[in-house]
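Those sequence lines, one after another, are chains A, B, C, D, E and F. Position 2, counted from 1, in the first sequence is what the UniProt record's numbering calls 2; the numbers after and before it change by one each time, with no gaps. Position 28, counted from 1, in the second sequence is what the UniProt record's numbering calls 28; the numbers after and before it change by one each time, with no gaps. Position 54, counted from 1, in the third sequence is what the UniProt record's numbering calls 54; the numbers after and before it change by one each time, with no gaps. Position 4, counted from 1, in the fourth sequence is what the UniProt record's numbering calls 4; the numbers after and before it change by one each time, with no gaps. Position 59, counted from 1, in the fifth sequence is what the UniProt record's numbering calls 59; the numbers after and before it change by one each time, with no gaps. Position 3, counted from 1, in the sixth sequence is what the UniProt record's numbering calls 3; the numbers after and before it change by one each time, with no gaps. Below: the structure, in structure tokens.
Number of protein chains: 6
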Amino acid sequence: MPIVTVQQFPRSLEHKRELARRITEAFADVYGMPDDSVQVFFNEVDGENWAKGGVMGCDRPQAGRN
Amino acid sequence: MPIVTVQQFPRSLEHKRELARRITEAFADVYGMPDDSVQVFFNEVDGENWAKGGVMGCDRPQAGRN
Amino acid sequence: MPIVTVQQFPRSLEHKRELARRITEAFADVYGMPDDSVQVFFNEVDGENWAKGGVMGCDRPQAGRN
Amino acid sequence: MPIVTVQQFPRSLEHKRELARRITEAFADVYGMPDDSVQVFFNEVDGENWAKGGVMGCDRPQAGRN
Amino acid sequence: MPIVTVQQFPRSLEHKRELARRITEAFADVYGMPDDSVQVFFNEVDGENWAKGGVMGCDRPQAGRN
Amino acid sequence: MPIVTVQQFPRSLEHKRELARRITEAFADVYGMPDDSVQVFFNEVDGENWAKGGVMGCDRPQAGRN
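Okay, here's the thing in structure tokens:
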């Protein structure tokens, strides 16, 4: 059943592919469950839809976006 | 209050209209509440943002996408 | 893949059983997918963790809780 | 840690900027925490992906969209 | 329609009451909508169900929990 | 910013500790970001609040719970 939802800045397909593989492997290893039980959703959010410290991501300097 | 969120592959408006109608009807019947108490959100996710078994939807054969 | 999340006040198991059955049936009918593709999560929230109109559910008269 | 997710109709950047500022300020005041602990996500949903009372937002008269 | 979900450490009812009031007021002011359109959900998470930097909250020193 | 939410059956703290460590490490490796940017939330759901195929988890045989 594990449903993993990742809220993040937009990333390349290669990055998401690699992350999904590693996250799924972690569940399979730690819980001893089949890979197919794990679903991963990426919910990508840009700087016009995310704020930290009350400042929108698009208004923050690049270095402050983590 | 019920808030229903549906994570799914993109679907046609007709499909979503029909689902929203039936989901709302189910709540109204089972809980005896007015239809207007029920809100349904569709959160559509494509194959580049979803993985099952560690494999992105866009890399899976069509038949394995459920 | 459909993942359905229901945010609602706490309800009896019988009610959730019936709703899960009907919601799943709606997806199977409308999308023509096998029942087993559909997962339903109930996320129950009590009146100390929900507000409408700026007033916590536990502070609202019973009739205003929908 | 507070993570605030706002599901809403699409709004202008100015509106979201102002809301993020005020929501963050509320947490900082009430909890006495640094602004930077607070993250706000806007998850915008249009009338083809939201229903109330079993009727999709795009099928409702403008006045019934709240 | 705005649905606001707050993921946070457990807090007192008084704190949540005050936050719900201020968050709702912010939406009513900025969007010019009636208070009753706004719902706030608190989803409280303890240190055994949250990690930052790969370390569970319950394993972090108190000062590092924000 | 990555916020990772895991919906799963209740698990031991040791399991969650190990998963949080490995998920965070995956983000740090793949995205080259500091560990502290990553937050993981566990949202545990029991068999009375989850259904697959229209059948509540608590009504399914143990083997069908993945």
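Where is the CB? At the ideal position from N, CA and C, for every residue including glycine. For clarity, every value in this text was computed on a predicted model and none was experimentally measured.
Under 8 angstroms, Cβ to Cβ, is there at least one residue of chain D near THR5/E? Closer than 8 angstroms to some Cβ of chain D, the Cβ of THR5/E qualifies, so yes.
Chain-ordered neighbours of residue 133/B on chain D, where CB pairs are closer than 8 angstroms: With chain B covering only 1 through 66, there is no way to say anything about residue 133/B.
For HIS15/E, which option in GLY32/D, GLU48/D and CYS58/D has the closest C-alpha, if you only look at C-alpha atoms? HIS15/E has its Cα closest to that of GLY32/D, out of GLY32/D, GLU48/D and CYS58/D.
Starting from the beta carbon of MET56/E, find every residue of chain F whose beta carbon is closer than 8 angstroms, and list them in chain order. In chain order: LEU13, LYS16, ARG17 and ALA20.
PRO2/F classed as buried or exposed, judged by whether at least 16 other C-beta atoms fall within 10 angstroms: By the Cβ neighbour-count rule, PRO2/F is buried, with 16 or more other Cβ atoms within 10 Å of its own.
PHE9/D - DSSP class collapsed to helix/strand/coil: DSSP places PHE9/D in coil when its eight states are reduced to three.
Less than 8 angstroms between the CB atoms is what I'm expecting for VAL40/D and ALA20/D, so what's the real figure, rounded? Their Cβ separation, rounded to whole angstroms, is 5 angstroms, which keeps VAL40/D and ALA20/D in contact under 8 angstroms.
What does DSSP give as the partner residue(s) for PHE41/B in the beta ladder? For PHE41/B, DSSP records a beta bridge to THR5/B and TRP50/D.
Only counting the same chain, and skipping five residues up and downstream in sequence, which positions put a Cβ closer than 7 angstroms to that of THR24/F? The residues are ASP35, VAL38 and VAL40.
Exposed or buried, which one is GLN62/E when buried takes at least 16 other CB atoms within 10 Å? So GLN62/E counts as exposed.
Taking 8 angstroms as the CB-CB limit, is ASP36/A close to chain B? Output row for ASP36/A: interface = yes.
Among ARG60/C, VAL30/C, ASN43/C and CYS58/C, nearest to GLN8/C - alpha-carbon criterion: Ranking ARG60/C, VAL30/C, ASN43/C and CYS58/C by Cα distance to GLN8/C puts ASN43/C first.
DSSP bridge partner residues for MET56/F (one or two, in chain order): Under DSSP, MET56/F takes part in a beta bridge, and its partners are ALA51/F.
Let me check understanding here. Comparing Cα to Cα, which of ASP29/A, ALA28/A, VAL30/A and TRP50/A lies closest to PRO10/A? When only C-alpha atoms are compared, the closest one is TRP50/A.
From LEU13/D to GLU48/A, what distance separates their C-alpha atoms? Rounded to the nearest angstrom, the two C-alpha atoms are 6 angstroms apart.
Assuming contact is defined by CB atoms lying nearer than 8 angstroms, are VAL30/B and VAL6/C in contact in what I supplied? No. Outside cutoff.
Is PHE9/E close to chain C? Criterion is C-beta to C-beta, closer than 8 angstroms. Chain C contact via Cβ: absent.
Distance, Cα to Cα, VAL45/A vs MET56/A? Going by the C-alpha atoms only, they are around 12 angstroms apart.
Have a look at ASP59/B and ALA28/D and give me their C-alpha separation to the nearest angstrom. C-alpha separation (whole angstroms): 44 angstroms.
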